[in-house]
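Just below is one structure, and these are the notes that go with it.
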Amino acid sequence: MEKEHIEKEAVENSQDLDAFFRQKKQMDFILEIDKSKNVFRQTYISDGSRKENDAEHSWHLAIMAFLLAEYANEPIDVLKVMKMVLIHDLVEIDAGDTYAYDSCGNETKKEREVAGARRLFSILPKDQEKLIWDLWEEFESGQTAEAKFARTLDHCQPVLLNDASGGRSWREHNVRREQIYGRNTRTHEGSEKVWRYVKGIIDKNIENGNIIQE
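As C-alpha coordinates, then:
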(Lines of atoms letter the chains of each structure in order from A and count residues from 1; the text may use other names and numbers.)
(Lines give C-alpha, C1' and ligand atoms only; values in the text may rest on other atoms or scores of the structure.)
Protein backbone atom coordinates (compact mmCIF):
# COMPACT_ATOMS: atom_id res chain seq x y z
CA MET A 1 0.00 0.00 0.00
CA GLU A 2 2.80 2.39 0.88
CA LYS A 3 4.50 1.71 -2.45
CA GLU A 4 1.25 2.40 -4.33
CA HIS A 5 0.80 5.64 -2.41
CA ILE A 6 4.32 6.78 -3.27
CA GLU A 7 3.82 5.91 -6.94
CA LYS A 8 0.48 7.75 -7.03
CA GLU A 9 2.03 10.81 -5.40
CA ALA A 10 4.89 10.74 -7.91
CA VAL A 11 2.44 10.64 -10.81
CA GLU A 12 0.42 13.52 -9.37
CA ASN A 13 3.56 15.58 -8.82
CA SER A 14 4.65 14.84 -12.37
CA GLN A 15 1.27 15.93 -13.72
CA ASP A 16 1.41 19.11 -11.65
CA LEU A 17 4.88 19.83 -13.01
CA ASP A 18 3.75 19.24 -16.60
CA ALA A 19 0.78 21.57 -16.07
CA PHE A 20 3.06 24.21 -14.59
CA PHE A 21 5.51 24.11 -17.50
CA ARG A 22 2.65 24.15 -20.02
CA GLN A 23 1.21 27.28 -18.45
CA LYS A 24 4.68 28.80 -18.17
CA LYS A 25 5.21 28.36 -21.92
CA GLN A 26 1.84 29.94 -22.64
CA MET A 27 2.59 32.91 -20.40
CA ASP A 28 6.04 33.31 -21.96
CA PHE A 29 4.43 33.46 -25.40
CA ILE A 30 1.80 35.95 -24.25
CA LEU A 31 4.52 38.22 -22.93
CA GLU A 32 6.67 37.78 -26.05
CA ILE A 33 3.92 38.87 -28.43
CA ASP A 34 3.57 42.13 -26.52
CA LYS A 35 6.52 43.14 -28.72
CA SER A 36 4.11 43.46 -31.65
CA LYS A 37 3.10 46.81 -30.14
CA ASN A 38 6.53 48.09 -31.18
CA VAL A 39 6.35 46.86 -34.78
CA PHE A 40 5.22 49.92 -36.71
CA ARG A 41 3.62 49.81 -40.13
CA GLN A 42 3.71 52.43 -42.88
CA THR A 43 -0.02 53.13 -42.55
CA TYR A 44 -1.09 56.03 -40.33
CA ILE A 45 -3.96 55.73 -37.88
CA SER A 46 -7.14 57.49 -38.98
CA ASP A 47 -6.32 60.91 -37.53
CA GLY A 48 -2.88 60.88 -39.17
CA SER A 49 -1.09 61.60 -35.88
CA ARG A 50 1.18 58.55 -35.95
CA LYS A 51 1.77 55.23 -37.64
CA GLU A 52 -0.20 52.15 -36.72
CA ASN A 53 1.48 49.21 -35.00
CA ASP A 54 0.97 45.52 -35.70
CA ALA A 55 -1.08 44.87 -32.56
CA GLU A 56 -3.52 47.63 -33.50
CA HIS A 57 -3.72 46.35 -37.07
CA SER A 58 -4.53 42.79 -35.96
CA TRP A 59 -7.11 43.99 -33.42
CA HIS A 60 -8.77 46.08 -36.12
CA LEU A 61 -8.95 43.09 -38.48
CA ALA A 62 -10.51 40.91 -35.77
CA ILE A 63 -13.27 43.49 -35.26
CA MET A 64 -13.76 43.71 -39.02
CA ALA A 65 -14.04 39.92 -39.28
CA PHE A 66 -16.79 39.90 -36.65
CA LEU A 67 -18.73 42.82 -38.14
CA LEU A 68 -18.32 42.14 -41.87
CA ALA A 69 -18.67 38.34 -41.93
CA GLU A 70 -22.09 38.65 -43.58
CA TYR A 71 -20.36 39.93 -46.73
CA ALA A 72 -18.06 36.92 -47.19
CA ASN A 73 -18.44 35.23 -50.57
CA GLU A 74 -18.74 31.82 -48.89
CA PRO A 75 -19.92 30.58 -45.49
CA ILE A 76 -17.06 31.03 -43.01
CA ASP A 77 -16.09 30.10 -39.48
CA VAL A 78 -15.91 33.63 -38.05
CA LEU A 79 -13.99 32.59 -34.93
CA LYS A 80 -11.37 30.92 -37.10
CA VAL A 81 -10.98 34.08 -39.18
CA MET A 82 -10.59 36.13 -36.02
CA LYS A 83 -7.88 33.77 -34.73
CA MET A 84 -6.16 33.90 -38.11
CA VAL A 85 -5.99 37.69 -38.30
CA LEU A 86 -4.89 37.97 -34.67
CA ILE A 87 -1.82 35.77 -35.28
CA HIS A 88 -1.02 36.49 -38.94
CA ASP A 89 1.52 39.26 -38.33
CA LEU A 90 3.13 37.99 -35.12
CA VAL A 91 6.08 36.79 -37.20
CA GLU A 92 6.93 40.44 -37.83
CA ILE A 93 8.23 40.66 -34.25
CA ASP A 94 11.37 39.10 -35.74
CA ALA A 95 10.90 39.75 -39.46
CA GLY A 96 9.81 43.38 -39.21
CA ASP A 97 6.99 44.90 -41.22
CA THR A 98 7.56 44.78 -44.97
CA TYR A 99 5.83 47.62 -46.78
CA ALA A 100 3.40 46.32 -49.38
CA TYR A 101 5.11 48.22 -52.21
CA ASP A 102 8.74 47.59 -51.16
CA SER A 103 9.94 45.35 -54.00
CA CYS A 104 13.36 44.67 -52.43
CA GLY A 105 11.94 43.90 -49.01
CA ASN A 106 9.36 41.55 -50.46
CA GLU A 107 12.11 39.43 -52.04
CA THR A 108 13.26 38.26 -48.60
CA LYS A 109 9.95 38.58 -46.77
CA LYS A 110 8.97 34.91 -46.82
CA GLU A 111 12.35 33.71 -45.58
CA ARG A 112 12.38 36.22 -42.73
CA GLU A 113 8.81 35.46 -41.71
CA VAL A 114 9.29 31.68 -41.68
CA ALA A 115 12.33 32.11 -39.44
CA GLY A 116 10.28 34.36 -37.16
CA ALA A 117 7.42 31.87 -37.04
CA ARG A 118 9.79 29.03 -36.20
CA ARG A 119 11.26 30.85 -33.22
CA LEU A 120 8.11 32.48 -31.93
CA PHE A 121 5.64 29.61 -32.24
CA SER A 122 8.10 27.16 -30.66
CA ILE A 123 7.73 29.03 -27.36
CA LEU A 124 4.28 27.44 -27.01
CA PRO A 125 3.39 23.87 -25.95
CA LYS A 126 3.63 21.54 -28.96
CA ASP A 127 -0.12 21.23 -29.57
CA GLN A 128 -0.62 25.00 -29.62
CA GLU A 129 2.55 25.51 -31.65
CA LYS A 130 1.03 23.28 -34.34
CA LEU A 131 -2.33 25.03 -34.09
CA ILE A 132 -0.80 28.46 -34.73
CA TRP A 133 1.52 27.15 -37.44
CA ASP A 134 -1.49 25.66 -39.23
CA LEU A 135 -3.48 28.89 -38.95
CA TRP A 136 -0.55 30.99 -40.17
CA GLU A 137 0.17 28.71 -43.13
CA GLU A 138 -3.53 28.61 -44.03
CA PHE A 139 -3.62 32.41 -44.06
CA GLU A 140 -0.45 32.61 -46.14
CA SER A 141 -1.75 30.10 -48.69
CA GLY A 142 -5.03 31.95 -49.09
CA GLN A 143 -6.95 28.93 -50.37
CA THR A 144 -9.75 28.32 -47.84
CA ALA A 145 -12.85 30.48 -47.49
CA GLU A 146 -11.60 31.74 -44.13
CA ALA A 147 -8.14 32.59 -45.44
CA LYS A 148 -9.56 34.39 -48.47
CA PHE A 149 -11.80 36.51 -46.28
CA ALA A 150 -8.99 37.21 -43.81
CA ARG A 151 -6.71 38.32 -46.64
CA THR A 152 -9.44 40.54 -48.07
CA LEU A 153 -9.69 42.32 -44.73
CA ASP A 154 -5.90 42.55 -44.45
CA HIS A 155 -5.73 44.31 -47.82
CA CYS A 156 -8.74 46.55 -47.29
CA GLN A 157 -8.05 47.88 -43.79
CA PRO A 158 -5.00 49.95 -44.85
CA VAL A 159 -7.09 51.53 -47.61
CA LEU A 160 -9.65 52.69 -45.03
CA LEU A 161 -6.92 54.22 -42.87
CA ASN A 162 -5.11 55.79 -45.80
CA ASP A 163 -8.32 57.42 -46.96
CA ALA A 164 -9.17 58.66 -43.45
CA SER A 165 -5.68 60.16 -43.02
CA GLY A 166 -5.86 62.07 -46.29
CA GLY A 167 -3.83 59.56 -48.29
CA ARG A 168 -0.74 60.47 -46.29
CA SER A 169 1.13 57.17 -46.62
CA TRP A 170 0.25 56.84 -50.31
CA ARG A 171 1.59 60.33 -50.97
CA GLU A 172 4.76 59.79 -48.93
CA HIS A 173 5.59 56.67 -50.94
CA ASN A 174 4.37 57.95 -54.33
CA VAL A 175 2.08 54.94 -54.67
CA ARG A 176 0.71 54.42 -58.17
CA ARG A 177 -2.61 53.08 -59.37
CA GLU A 178 -0.99 50.04 -60.96
CA GLN A 179 0.70 49.12 -57.67
CA ILE A 180 -2.53 49.16 -55.69
CA TYR A 181 -4.52 47.24 -58.27
CA GLY A 182 -1.62 44.83 -58.76
CA ARG A 183 -1.58 44.06 -55.06
CA ASN A 184 -5.35 43.58 -54.97
CA THR A 185 -5.90 41.22 -57.90
CA ARG A 186 -7.30 38.54 -55.56
CA THR A 187 -8.86 40.73 -52.87
CA HIS A 188 -12.36 40.17 -54.28
CA GLU A 189 -12.06 36.41 -53.64
CA GLY A 190 -12.90 36.83 -49.96
CA SER A 191 -15.71 39.34 -50.40
CA GLU A 192 -16.94 40.96 -53.58
CA LYS A 193 -19.01 43.42 -51.54
CA VAL A 194 -16.20 44.59 -49.28
CA TRP A 195 -13.86 44.89 -52.27
CA ARG A 196 -16.44 46.89 -54.22
CA TYR A 197 -16.74 49.34 -51.34
CA VAL A 198 -12.98 49.69 -50.96
CA LYS A 199 -12.42 49.95 -54.71
CA GLY A 200 -14.63 53.03 -54.66
CA ILE A 201 -12.32 54.55 -52.04
CA ILE A 202 -9.26 53.75 -54.14
CA ASP A 203 -10.78 55.30 -57.26
CA LYS A 204 -11.71 58.44 -55.31
CA ASN A 205 -8.10 58.80 -54.16
CA ILE A 206 -6.83 58.34 -57.70
CA GLU A 207 -9.12 61.16 -58.81
CA ASN A 208 -8.01 63.51 -56.03
CA GLY A 209 -4.32 62.81 -56.58
CA ASN A 210 -3.46 60.89 -53.42
CA ILE A 211 -2.67 57.91 -55.64
CA ILE A 212 -0.69 58.54 -58.83
CA GLN A 213 -2.78 57.81 -61.93
CA GLU A 214 -0.05 56.83 -64.40
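Counting along the sequence shown from 1, when you hit position 87 you're at 87 in the UniProt record's numbering, and nothing is skipped either side. Backbone N, C-alpha and C fix where the C-beta goes; we use that ideal spot for every residue, glycine too.
Taking the alpha-carbon positions, what's the K37 to S58 distance?
10 Å
Candidates N53, M27, V198 and Q23, of which the one nearest Y99 by Cα
N53
Taking the C-alpha atoms as reference points, what is the distance between A65 and M82?
6 Å
Which of helix, strand or coil DSSP assigns to Q213:
coil
Measure how close the beta-carbons of L120 and I93 come, nearest whole angstrom, since I'm counting them as under 8 Å.
6 Å
Are there three or more Cβ pairs, one per stretch, closer than 8 Å when the stretch 115–130 is compared with the stretch 21–31?
yes
DSSP state of E52 mapped onto helix, strand, coil:
strand
Are I63 and L135 close, meaning C-beta to C-beta below 8 Å?
no
Since R41 is in the beta strand (DSSP E), which residue starts that stretch and which ends it?
F40 to Y44
For E113, collect the residues of the same chain with a Cβ closer than 6 Å to its Cβ; drop the 5 residues on either side in sequence, then sort them by chain order.
V91 and A95
Assuming P158 is part of the alpha helix (DSSP H), what are its boundary residues?
A145 to A164
Do you know whose CA, among I212, D203, E214 and T187, lies nearest A72's CA?
T187
May I ask you to report which of helix, strand or coil DSSP gives R176?
strand
Hey, how far is the Cα of I33 from the Cα of E140?
19 Å
If you count every other CB in all the chains shown that lies within 10 Å of the CB of G190, and 16 or more means buried, which is it?
buried
For a quick check, are the C-beta atoms of Y101 and V175 less than 8 Å apart?
yes
Looking at C-alpha atoms only, which residue of S14, I212, V85 and G105 is the closest neighbour of L61?
V85
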